[in-house]
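Colleague:
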Amino acid sequence: MEPKDYVVSKIEGEYATLTEKTSGEELFIALALLPAGTDVGTKLHYEMLEYTVSE
1110 MEPKDYVVSK IEGEYATLTE KTSGEELFIA LALLPAGTDV GTKLHYEMLE
1160 YTVSE
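Numbering (our numbering), first residue to last: 1110 to 1164.
Laid out in structure tokens, this is it:
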């Protein structure tokens, strides 16, 4: 899978909605799989089965 960049657009309970920056696709994912401190507006980079905070 190729690297992708996301922005956290919504958090509901223990789940987050991520919006892919280039295509606008939405992804629903458990907060436990995201870096600690992730909040609405956090920019994330996905690569090698890992999410990291990006600038």
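Ideal placement from N, C-alpha and C gives every residue a C-beta, glycine not left out.
1) Which value, in whole angstroms, describes the spacing of the CA atoms of residue 1164 and residue 1152?
2) To the nearest angstrom, how far is the alpha carbon of residue 1176 from that of residue 1140?
3) Determine the DSSP secondary structure at residue 1141, reduced to helix, strand or coil.
4) With the cut-off set at 8 Å, would you say residue 1154 and residue 1161 are in Cβ contact?
5) One question on the structure: do residue 1116 and residue 1125 come within less than 8 Å of each other, judged by their Cβ atoms?
Modeller: Here's the rundown:
1) Along the sequence shown, one-based indexing puts residue 1164 at 55. Along the sequence shown, one-based indexing puts residue 1152 at 43. Distance between the alpha carbons of residue 1164 and residue 1152: 7 Å.
2) With the chain covering 1110 to 1164 only, the question about residue 1176 has no answer from this structure.
3) As a first step, residue 1141 is located in the sequence shown; it is residue number 32 there, counting from the start. It is helical.
4) If you number the sequence shown from 1, residue 1154 lands on position 45. If you number the sequence shown from 1, residue 1161 lands on position 52. Yes. Within cutoff.
5) Here residue 1116 refers to the residue found at position 7 of the sequence shown. Here residue 1125 refers to the residue found at position 16 of the sequence shown. In this structure, residue 1125 does not lie closer than 8 Å to residue 1116 by Cβ.
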